[in-house]
Amino acid sequence: MTIKMVSHADLAALVAELIAGNTQVIAPVQAKENPAATDYKQIQKLEDATLGTLPRRSIKEFLFPPSEVFLRYKQHKGDVTVEEASLTRPKQVIIGAKPCDVASTDILDKVMNWDYRDELWFARREATTIVSLLCPGLDNNCFCTSVGAGPDSTSGSDAMLIPVDGGYLVELVTEKGKALFGARAKEVTDSKLLAKVEELRQEARKKVEQNLPVVPAEMPEWLAANFANVYWDTLPLRCHGCGACTFVCPTCHCFEIADEREDVGGGVRRRNWDACQTGKFTVHTSGHNPRNTQKERFRQRVMHKFSIYPKRFGDLLCTGCGRCARVCPGGMSIQEAVCQLMEIAGAEPQGNGK
Amino acid sequence: MSSKTPASGTGFEPKIIAFVCTWCTYTGADLAGTSRMQMPPNVRVVRLNCSSRVNPQFVMRAFERGADGVIISGCHPGDCHYSTGNYFTRRRIAIFSELLDFVGVDSRRLTMSWVSASQGGKWRDVVSKAIANVKELGPFHQFSQVEGGEQQ
Amino acid sequence: MSEMNELAAKLLSEGTVKVVIGYEQGPAGVRPAFITDPAKAETLIFDSRCVQNLAVYLNPRRSHVVTLGKVAVIVKGCDSKAVAGLIREYQVKREDIVIIGVRCGGVVRRADMTAELTADTVSDKCQDCDVREPKFCDHLVLPLPPAPPITTRRADKIAELTKMTPDERWAYWSEQLDRCIRCHACREVCPLCTCVQCIADKNRPQWIPTSATLQGDVMWQITRVLHLAGRCVDCQECERACPLDIPLGLLTRYVAQMVEKRFDYKASDDPSVVAPMGEYRTDDEEGFIL
Amino acid sequence: MNLYQPYLMRVEEVIDETPDVRTLRLAFQDPKVAEEFTFSAGQFGEYSVFGEGESTFCVASPPTRKGFIECSFKMTGRVTRALRRLDVGDTMGFRGPYGNKFPLDTIMKGKNIVFIAGGIALAPVRCVIENVLDLRDQFKDVTIITGARSVADLVYKYKLEEWEKRDDVRLVACVDPGGETPDWKGEIGFVPNVVKKAAPSPVDSYAVICGPPVMIKYTLPVLSELGFPDDHIYTTLENRMQCGLGKCGRCNIGDKYVCKDGPVFTLTQIKNLPPEF
Chain A
0 MTIKMVSHAD LAALVAELIA GNTQVIAPVQ AKENPAATDY KQIQKLEDAT
50 LGTLPRRSIK EFLFPPSEVF LRYKQHKGDV TVEEASLTRP KQVIIGAKPC
100 DVASTDILDK VMNWDYRDEL WFARREATTI VSLLCPGLDN NCFCTSVGAG
150 PDSTSGSDAM LIPVDGGYLV ELVTEKGKAL FGARAKEVTD SKLLAKVEEL
200 RQEARKKVEQ NLPVVPAEMP EWLAANFANV YWDTLPLRCH GCGACTFVCP
250 TCHCFEIADE REDVGGGVRR RNWDACQTGK FTVHTSGHNP RNTQKERFRQ
300 RVMHKFSIYP KRFGDLLCTG CGRCARVCPG GMSIQEAVCQ LMEIAGAEPQ
350 GNGK
Chain B
0 MSSKTPASGT GFEPKIIAFV CTWCTYTGAD LAGTSRMQMP PNVRVVRLNC
50 SSRVNPQFVM RAFERGADGV IISGCHPGDC HYSTGNYFTR RRIAIFSELL
100 DFVGVDSRRL TMSWVSASQG GKWRDVVSKA IANVKELGPF HQFSQVEGGE
150 QQ
Chain C
0 MSEMNELAAK LLSEGTVKVV IGYEQGPAGV RPAFITDPAK AETLIFDSRC
50 VQNLAVYLNP RRSHVVTLGK VAVIVKGCDS KAVAGLIREY QVKREDIVII
100 GVRCGGVVRR ADMTAELTAD TVSDKCQDCD VREPKFCDHL VLPLPPAPPI
150 TTRRADKIAE LTKMTPDERW AYWSEQLDRC IRCHACREVC PLCTCVQCIA
200 DKNRPQWIPT SATLQGDVMW QITRVLHLAG RCVDCQECER ACPLDIPLGL
250 LTRYVAQMVE KRFDYKASDD PSVVAPMGEY RTDDEEGFIL
Chain D
0 MNLYQPYLMR VEEVIDETPD VRTLRLAFQD PKVAEEFTFS AGQFGEYSVF
50 GEGESTFCVA SPPTRKGFIE CSFKMTGRVT RALRRLDVGD TMGFRGPYGN
100 KFPLDTIMKG KNIVFIAGGI ALAPVRCVIE NVLDLRDQFK DVTIITGARS
150 VADLVYKYKL EEWEKRDDVR LVACVDPGGE TPDWKGEIGF VPNVVKKAAP
200 SPVDSYAVIC GPPVMIKYTL PVLSELGFPD DHIYTTLENR MQCGLGKCGR
250 CNIGDKYVCK DGPVFTLTQI KNLPPEF
C-alpha cells in the first residue's frame with residue numbers, strides 16, 4: 000500500500016493539466032435545480048466539483064452509457080453498409096467517486112468478460128482512471144460493509160483520496176493511479192497522518208456496519224433453495240415496478256438492443272439500459288411472460304444480486320450504495336429485504352418452486 | 000441530421016408537413032391545384048380519413064425527422080364526415096399546441112385550419128401563412144437533437 | 000389508537016375487506032402498507048409525511064395487489080380524485096373497494112422528510128388543493144388539521160416559464176429532460192396510467208424510441224402528459240418518483256391549467272363527471288384555428 | 000469487430016413454408032467468413048433487419064452443409080415482419096452462433112434417436128435431423144414424429160417427402176384432428192397421442208423434443224411412460240433474449256442463462272430449474 004500526500008493546489012493543478020491535455024475530468028457536481036443533489040459531470044476546474052456527496056446516478060454511465068451506439072447503417076434498397084462503433088475512447092478521469100460506485104467496476108468486469116469479451120465496456124474501462132474518495136458513511140441506507148465493499152474500499156479504484164488537513168492523502172492502488180499523480184504525490188512526512196488515516200477508515204466502517212450485518216457466504220445457496228419461499232409473496236406488494244432502482248444501481252447492467260431509424264435509409268443500433276422490474280423485459284412475442292407479476296420480478300432482482308451472480312462470478316452484485324432505497328417511490332429497500340431474508344434464512348428451506 | 004440553411008439567409012425554404020382529412024381539406028387542396036392557383040412547393044400533404052386521426056405523435060415525429068412546420072386541417076365544425084371527429088381534434092390540438100409551446104416549440108409552427116372541399120383559395124392562404132410564419136421562425140432542429148445520453 | 004386504526008381493524012375482522020392499504024413507518028420515512036391482519040392495523044399512521052397516492056394500487060395493472068381480495072384504501076382528498084378517475088374510466092368498480100377518507104392538512108414533498116410543514120417542505124400539490132376533507136369516500140376519519148403553509152413556488156416557476164421566449168423555454172426543458180434515463184417511474188407511480196400496454200412499450204410502430212436520448216425523452220414526456228390531459232389529478236407522484244428530480248409536475252400542472260381555462264374543467268372527485276378530452280362542446284374556443 | 004457487430008448476409012432464397020412461416024437461406028457476404036464459419040446443431044443466432052432490430056432463432060440448416068445458413072420464422076413481431084419483407088438479394092445481419100449444442104458427437108453417438116416436433120419447432124429439430132442423416136452411419140434407428148395444427152401449417156413439406164422416401168428413417172407426420180385434407184396420408188391426432196401410438200423404443204435411445212409448451216407438457220409424460228429416462232430427453236428452452244452472450248440479463252432461469260447454458264437442456268436439468276419459463 001503506497002500512501003502519499005497531495006495538496007489541494009496540486010490536485011487542482013492536476014485537474015487543469017488533464018483538461019488542457021484533452022482528458023475529460025468527471026466529478027460530482029451540484030445539480031442546478033436541486034442544491035441537495037449532485038451528479039457526476041464533466042468539470043472544467045476542480046472548484047466545480049462538490050466532493051464527498053453521493054451523486055444521484057452512479058459512475059456506471061461513464062463506462063456503460065444509458066444509450067450506447069453499436070453501429071450505424073446506411074441502406075439503399077436491399078444493400079446495407081455498416082459503420083461500426085469506434086473502440087477508441089477519449090481518456091477520462093473520474094475524481095471523487097464514491098467507493099461503493101467504484102467497487103461495481105471490478106464486479107462488472109466479470110460479466111463483461113465471461114466467455115465473450117465486451118470490447119465496448121473494456122475500451123471505456125481502459126480509457127478511464129478512477130480516483131475515489133474515502134467515504135465517511137452517509138446515512139442508514141448505506142450497507143457497503145455488508146456486501147464485501149466498504150467506505151474505505153479501494154476495489155476498482157486506481158487511487159483513493161483521503162481528506163486531511165491541507166489536502167489529501169492519496170492511496171495509489173494501481174500503476175494507472177501512480178502514473179496519474181506522478182511527482183505530484185509527495186512522501187508523507189508526518190507519521191501521525193498515517194495513523195489518522197487508519198482512524199478515519201475505522202470510523203467510517205463502524206458507522207456503516209451498524210446498518211446491516213455482513214451477508215453470510217451461504218446466502219446465494221440459501222436463496223436458490225428458497226425460490227418458493229412465502230416471503231416473496233408479501234414483500235413486493237408496494238413495488239410499483241418502475242425500475243428506478245435498477246437505473247440508479249451501480250451494478251445493474253441489463254440492457255436491450257434497439258434499432259432506430261434516423262433518416263430515410265439510415266439509422267443506428269444502440270443498447271439501452273433496461274430493467275428487470277418492468278413486464279416487457281421478459282415477455283415473449285407470443286404474449287407469454289415467465290415473470291408475469293411484480294413478485295417474480297422483484298425476486299429476480301434480489302436473486303440476481305445475491306444468488307445468481309455470486310454463484311456464477313463469486314461477487315455479490317451489490318455494493319451497498321443504498322440508492323435503490325433512496326429513490327424508491329414505494330418505499331422498498333433491498334437492505335431491508337436482505338435483512339429479513341437473513342433472519343428467515345435460519346429456517347427450513349422452502350424449495351425451488353417445483 | 001439533415002442540414003439546413005440558417006434562418007437569416009433568404010435561402011431558407013421550410014419543409015412543412017400537412018395532415019389533412021380526405022373529405023374536406025384534401026379535396027379543397029385538390030381544387031386549389033385544378034384551379035391552377037400558384038402555391039409555394041414547401042408543403043408535403045399526408046392524407047388521413049379525418050383530422051381526428053392526427054395523433055400528436057405524428058406531429059412530433061414530423062418535427063423529429065426534419066419538418067420545420069406542421070399543418071393540421073379538417074372539415075369545418077359540424078361538417079365532419081364522421082359527424083363529430085373534428086370537435087375532438089379541436090380540443091386535442093388546442094391542448095397539444097399549448098403544451099408544445101410550454102416546452103419551447105413556438106406555437107406558430109403548428110398551424111391548424113378548417114378548409115372545406117370548396118375552399119381552394121383558403122387552402123392557398125393557409126399554406127402561405129404557415130410558410131410565412133415558419134420562414135420568420137427559421138429552421139427547427141430542437142426535436143432532432145439526440146445529445147445527452149448518447150456518448151459517441 | 001386513532002379512529003383510522005380502529006376502522007381498519009374493524010373492516011378486516013368483520014371480513015368486509017381482505018386488505019387495508021394505508022401508510023406505515025418504513026426504514027426510511029413513511030411508505031405504503033398492506034394490512035391483512037386486524038392485529039396489525041395499529042401500525043397504520045397518517046401524518047403530513049403520507050405523500051404517496053395509494054389509489055395507484057387499485058390500478059388493475061397491479062395484478063399482485065388485485066389477487067389479495069377486496070381492498071380498503073386510505074385516501075387524502077387529492078387521492079380520492081384518482082380513485083374517482085379510475086372508477087370513471089371503468090378500471091375499478093365502486094362496489095369492489097372501500098374508501099377511507101382522511102382529512103388532510105397538507106403533506107411534505109418527500110416521504111423521508113420530517114413531518115414539519117413549512118413553506119419550504121410543503122408539497123406543491125397542496126397549494127391548489129380544494130378537497131382537504133374528502134367527499135368521495137365511505138368513511139371519513141381523523142380531525143381536520145390546520146391549513147398547509149402557503150408557497151407560490153410552483154406558480155412562480157410556471158409564471159417565469161411562460162414569460163420566457165420559446166427558445167428560452169426549450170433551453171430550460173431540454174436541460175431538464177436530458178437527464179431522463181427513461182426508467183418510466185413517472186408512469187408506474189401514476190394512478191391513472193392504466194394502459195395494459197403503454198405506447199412506450201410498443202414497438203409496432205415504435206413511436207417512442209427507447210433510447211435515453213433527448214429525442215426519446217421529449218417524445219415520451221409530451222406523450223405522457225398529453226395522455227393525462229384532463230385526467231391528471233395533480234397528485235404530483237410523477238415528480239416525486241423521478242429519481243433525477245425532473246420537474247414533471249410543472250408539465251402536468253400547466254396542462255391542467257390549460258384544460259381548466261379552455262374547457263372549464265377541474266379534476267373532479269365525482270366519477271360521473273365526464274372527462275374533458277372525451278367530450279366536446281360545439282362552441283369550444285377556436286381562436287387558434289385558421 | 001465488437002461482439003455485437005453482425006455479419007452481413009445476403010438473402011439467397013425465400014421459401015414460404017406455410018401462410019405465416021417463411022424460411023430464408025442466407026449466404027455470408029464476406030467469403031472469408033463463409034469459409035471459416037462453423038456451428039453445432041442446437042445453436043442459435045441473432046438475425047437482424049437494419050432499422051427494425053434483432054430477433055433470436057436457431058439455425059435451421061445443419062452444420063454439415065456449409066456456405067449458407069437457413070432460418071425459419073413465424074411472422075409475429077416487429078423483426079419477423081421486417082424479415083418477411085426481405086427479398087432475394089437483400090442484405091440483413093446475423094451474429095452467432097451462440098449457446099450450447101446437442102451432444103451428437105458424444106452422448107448421442109451410436110444411439111437410436113427419436114425426434115418429436117410440433118409446428119414451427121421442427122426448425123430447430125430439422126437442424127439436428129439433417130445433421131444426423133448426413134452422418135447416418137454414426138447413429139442407429141432414426142424416428143421422426145412431427146405434427147402441426149393442419150396440413151397447411153406443416154413446415155418443411157419438401158423435407159418430409161425426402162425423409163419419407165428414405166428407408167433408414169421412420170417418419171410419422173400428423174395433424175391435429177380437423178386439420179387434415181382429403182388426401183392427407185399421415186396420422187391424424189395430437190402429438191402426445193401419436194407418440195404413444197408410434198411407441199418408439201426407449202432402449203439405447205435419446206429423444207429430442209421441441210414444440211409449443213402445451214405439446215411438451217403432455218408429451219413428456221408419454222415419453223416417461225414409454226420408458227425414456229429424464230436424462231435421455233433433450234429439449235430446447237426459448238426465453239426472451241437480446242444479446243445471446245450472457246450479458247443482457249433477461250434469459251436466465253434461476254442461475255442458468257438460457258443463452259449460454261442452453262438452449263439445449265435435458266429434462267433432468269429442466270426439472271431442477273425454478274419455474275420461470
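Protein chains in written order, with numbering that gives the first Met the number 0: chain A, 0 to 353; chain B, 0 to 151; chain C, 0 to 289; chain D, 0 to 276. C-beta atoms are modelled at their ideal positions from N, C-alpha and C, and glycine is treated no differently. Predicted model only: the values in this text are computed from it and were never measured.
- Query: Residues of chain C with a CB under 8 Å from the CB of B:Gln118: which are they?
  - Reply: Those within 8 Å of B:Gln118 in chain C number zero; the least Cβ separation is about 11 Å.
- Item | CB of B:Asp78 within 8 Å of CB of B:Arg108, strictly | Not closer than 8 Å, so no.
- Item | Cross-chain neighbours of C:Arg203 in chain D, by beta carbon under 9 Å | Gly76, Arg77, Arg80
- Task: Just the chain D side, please: which residues come within less than 9 Å of A:Cys275 by C-beta, in chain order?
- Result: Correct list: Gly248, Arg249.
- With C:Val195 and C:Arg60 assumed to form a contact (beta carbons below 8 Å), what rounded beta-carbon distance in angstroms separates them? 7 Å
- Message: Quick check on C:Ile227 - is its C-beta less than 8 Å from some C-beta in chain B?
- Response: Ile is not the amino acid found at residue 227 of chain C; the sequence shown has Leu there. So no, C:Leu227 is outside the interface.
- Please name the residue or residues paired with C:Arg108 in a DSSP beta bridge. In the DSSP secondary-structure assignment, C:Arg108 is not bridged to any residue.
- Task: Could you name the residues of chain C that A:Leu107 contacts, counting a contact when the two beta carbons are closer than 7 Å?
- Result: Neighbours of A:Leu107 on chain C: none; closest Cβ ~18 Å, over 7 Å.
- Where in the stretch 227-265 of chain D do unbroken runs of the beta strand (DSSP E), each at least 3 residues long, occur, reported from the N-terminal end onward? 232-235, 263-265
- With 16 other CB atoms within 10 Å as the buried threshold, where does B:Ile130 fall? It counts as buried.
- Indicate the three-state DSSP secondary structure (helix, strand or coil) for B:Gln56 in the structure shown. helix
- Item | Residues in the stretch 210-234 of chain C having any Cβ partner in chain A nearer than 7 Å | For the stretch 210-234 of chain C, the beta-carbon criterion of a distance under 7 Å to any beta-carbon of chain A is satisfied by Ser210, Ala211, Thr212.
- Compare the C-alpha of A:Val110 against each of A:Ala344, A:Phe254, A:Val301 and name the closest. A:Phe254
- Item | Chain-ordered neighbours of C:Tyr253 on chain B, where CB pairs are closer than 8 Å | Glu97, Leu98, Phe101
- Supposed contact pair D:Ser71 and D:Val20 - C-beta distance, whole angstroms, cut 8 Å: 6 Å
- Roughly how many angstroms lie between the CA atoms of D:Trp183 and B:Asn85, to the nearest whole one? 56 Å
- Message: Below 8 Å, how does it come out for the stretch 110-120 of chain C and the stretch 209-222 of chain C: are there three or more Cβ pairs, yes or no?
- Response: no
- Any idea if C:Lys124 is buried or exposed, counting beta-carbon neighbours within 10 angstroms, 16 or more meaning buried? buried
- Is C:Gly21 close to chain A, meaning its C-beta is less than 8 Å from at least one C-beta of that chain? For C:Gly21, no CB of chain A lies under 8 Å from its own CB, so it is not counted at the interface with that chain.
- Is the distance from the Cβ of C:Gly104 to the Cβ of C:Ser47 below 8 Å? yes
- Residues bridged to C:Pro246 (per DSSP): In the DSSP output, where bridge partners are listed per residue, C:Pro246 has none listed.
- Message: Between C:Ala290 and C:Ala71, how many whole angstroms is the CB-CB distance? I'm expecting something under 8 Å.
- Response: Past the edges of chain C, shown from 0 to 289, lies residue 290 of chain C, and the structure says nothing about it.
- Check whether the stretch 298-314 of chain A touches the stretch 134-141 of chain A, counting contact only when three or more Cβ pairs, one atom from each stretch, lie closer than 8 Å. no
- Message: I want to know whether the stretch 57-71 of chain D touches the stretch 8-24 of chain D - three or more CB-CB distances under 8 Å.
- Response: yes
- Over the uninterrupted alpha helix (DSSP H) stretch that includes A:Cys244, give me the two end residues. That run of the alpha helix (DSSP H) goes 243-247.
- Message: Across the stretch 161-176 of chain A and the stretch 113-133 of chain A, are there enough close Cβ pairs to call them in contact, namely three or more that are closer than 8 Å?
- Response: yes
- Query: Anyone know if the C-beta pair for D:Gly243 and D:Thr55 falls short of 8 Å?
  - Reply: yes
- Could I get the ranges of all uninterrupted beta strand (DSSP E) runs contained in the stretch 63-130 of chain C, with 3 residues as the minimum, in chain order? 70-74, 96-101
- Task: Return the CA-CA distance between B:Pro13 and D:Leu7, expressed in angstroms with no decimal places.
- Result: Taking the straight line from one Cα to the other gives about 38 Å.
- Item | Collapsed DSSP secondary structure at C:Val273 in the structure displayed | Residue state, collapsed to three classes: coil.
- Message: Is D:Asn192 close to chain A? Criterion is C-beta to C-beta, closer than 8 Å.
- Response: no
- Terminal residues of the continuous alpha helix (DSSP H) containing A:Val229? That residue, A:Val229, is in no alpha helix (DSSP H); it is neither H nor E in DSSP.
- Query: For the stretch 96-158 of chain A, which segments carrying the alpha helix (DSSP H) assignment without a break, of at least 4 residues, lie completely within its bounds, in sequence order?
  - Reply: Whole alpha helix (DSSP H) segments, 4+ residues: 98-111, 118-125.
- Query: In chain B, what lies closer than 8 Å to C:Pro275 by C-beta?
  - Reply: Arg90
- the stretch 114-131 of chain B in contact with the stretch 28-44 of chain B per 3-pair CB rule at 8 Å: Short answer: they touch.
- Go ahead and pull the three-state DSSP assignment for A:Gln29. strand
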